[in-house]
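J.:
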Amino acid sequence: KQWYQRRVAITAGITNNLRMSARACTTKAGQIDTVLELLRQQVLNLRSKGNLVKDSSTYKKQLLAENEKLKRQVEDLKEQLVDLETVNGRKQFGSQPATAASKAAPVEPAKALPITPAPMAPVPKENKKKAAKKQGKPAQHQQAAASLPVDVSRLDMRVGFINSATQHPDADGLYLEEIDCGEPEPRQVISGLVKHIPLEQMQQRPCVVLCNLKPAKMRGIMSHAMVMCASAPEKVEILDPPAGSKPGDKVTVEGFSGTPDQQLNPKKKVFEGIQPDFLVSPEGHALYKGVQWKINDQVITAPSMRGCGIK
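Numbering-wise, the working numbering comes out as the position in the sequence shown, counting from 1, plus 9.
What follows is the structure, encoded as structure tokens:
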């Protein structure tokens, strides 16, 4: 009987121990589940932050690429504006970029040594007279040009024929044309017409050309004339000479019969003083101060534009 009671007591103790162990295991299992859940949440947070960092880096790269693209577009537009203003006779003033030499520290100039002037050889009287004549000629030309009226007679406008036109190799907005102006050799002309006139319409066609502008370099290539066009902000058309006219035929305006300048002086702004009075009439005729432009007594016209300026 004592042995039986002892066995029952031992069994009860073991059972209690097992129950306590089971409860402890259950508690630890719950704690482990809680820790695992926390770890899982932290892993998800880290992954989301990693994706955000990747997305931010990609977005930054996209912004930098778009910024560079916009900078290039702005530079191209600036260059096109300078080219168009040069064609219209506006002188460009720009600052030269600083070079490494100009940025270097200033060097103290060396002390100048006294220079004894060499004796001047006597100049013959005949040479003096020739020099005086040479110095007098430019002054006479300047005085003559200053005394001339600023009107359309100062412009040398002629019929031209565009033999060929190609894209300017260094400017997307410019055409490079070869134009027959009735001279022994065709003229090389650059025009900012890419946005308004397709290249195929620039081939083998007559036009009106201003021939006494000072030649200007546009994106590295010299231009020796300007194609006259009916012009509005949204549209540009090349003026049409009358049928039967040929390269070299002169444009005349009744009442303005002066002699064209050999070359317009850009500093005098002669063309800029004349151009505002150019107009396309409601009938499509090219006018200067209300008077028709003519070639061989026939009227110059714009294909379809009306009531606009001419440039």
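Just so it is clear, CB atoms sit at the ideal spot from N, CA and C, and this is done for glycine as well.
Give the DSSP-derived three-state secondary structure of residue 79 in the structure shown.
T.: Here residue 79 is taken as the residue at index 70 of the sequence shown, counted from 1. Residue 79 falls in the helix class under three-state DSSP.
J.: Cβ of residue 287 within 7 Å of Cβ of residue 215?
T.: Looking up residue 287 in the sequence shown gives position 278. Looking up residue 215 in the sequence shown gives position 206. It is not a contact, given that the beta carbons lie outside the stated cut-off.
J.: Is it buried or exposed for residue 195, if we count other Cβ within 10 angstroms and need 16 for buried?
T.: The residue you call residue 195 lines up with position 186 of the sequence shown. Answer is buried; the Cβ neighbour count reaches 16.
J.: What are the boundary residues of the alpha helix (DSSP H) that residue 280 is part of?
T.: Position 271 of the sequence shown holds residue 280. 279-283 is the extent of the alpha helix (DSSP H) around residue 280.
J.: Rounded to whole angstroms, what is the Cα-Cα separation between residue 206 and residue 212?
T.: Indexing the sequence shown from 1 puts residue 206 at position 197. Indexing the sequence shown from 1 puts residue 212 at position 203. Taking the straight line joining both Cα atoms gives about 11 Å.
J.: Smallest Cα separation from residue 235: which of 244, 249, 217, 252?
T.: Along the sequence shown, one-based indexing puts residue 235 at 226. Closest option to residue 235, Cα to Cα, is 217.
J.: What span of residues does the beta strand (DSSP E) with residue 174 cover, start to end?
T.: The residue given as residue 174 occupies position 165 in the sequence shown. Taken as a continuous stretch (DSSP letters only), the beta strand (DSSP E) holding residue 174 covers 166-176.
J.: Within 10 angstroms of its Cβ, does residue 41 collect 16 or more other Cβ (buried), or is it exposed?
T.: Counting from one through the sequence shown, the residue named residue 41 turns up at place 32. When all chains shown are included, residue 41 counts as exposed.
J.: Excluding the 5 residues flanking residue 175 on each side, which residues of the same chain have their C-beta closer than 6 Å to its C-beta?
T.: Counting from one through the sequence shown, the residue named residue 175 turns up at place 166. If we look at residue 175 and ignore the five residues flanking it on each side, its Cβ neighbours are 185.
J.: What residues match up with residue 17 in a beta bridge as DSSP calls it?
T.: Within the sequence shown, numbered from 1, the residue matching residue 17 stands at position 8. According to DSSP, which records beta bridges pairwise, residue 17 is partnered with nothing at all.
J.: Please report how far the alpha carbon of residue 284 lies from the alpha carbon of residue 319, in whole angstroms.
T.: Residue 284 sits at position 275 when you count from the first residue of the sequence shown. Residue 319 sits at position 310 when you count from the first residue of the sequence shown. The straight-line gap from Cα to Cα measures roughly 7 Å.
J.: Which partner residues does residue 310 have in the DSSP bridge list?
T.: Taking the first residue of the sequence shown as position 1, residue 310 is located at position 301. Residue 310 pairs with 249, 294.
J.: Helix, strand or coil: which one does DSSP assign to residue 289?
T.: Against the sequence shown, residue 289 aligns to sequence position 280. Note: residue 289 maps to strand in three-state DSSP.
J.: Would you call the region 64-74 in contact with the region 159-170, where contact means no fewer than 3 C-beta pairs closer than 8 Å?
T.: Contact between the region 64-74 and the region 159-170 is absent, because fewer than three Cβ pairs lie under 8 Å.
J.: Helix, strand or coil: how does DSSP classify residue 275 here?
T.: Position 266 of the sequence shown, counting from 1, holds the residue named residue 275. Residue 275 falls in the helix class under three-state DSSP.
J.: So, using beta-carbon positions, are residue 260 and residue 300 closer together than 7 Å?
T.: Locating residue 260 in the sequence shown gives position 251, where the first residue counts as 1. Locating residue 300 in the sequence shown gives position 291, where the first residue counts as 1. Result no, Cβ atoms of residue 260 and residue 300 do not sit closer than 7 Å.
J.: Assuming residue 251 contacts residue 309 under a Cβ cut-off of 8 Å, what Cβ separation, rounded to an integer in Å, is found between them?
T.: Looking up residue 251 in the sequence shown gives position 242. Looking up residue 309 in the sequence shown gives position 300. Residue 251 to residue 309, Cβ: 7 Å. Contact.
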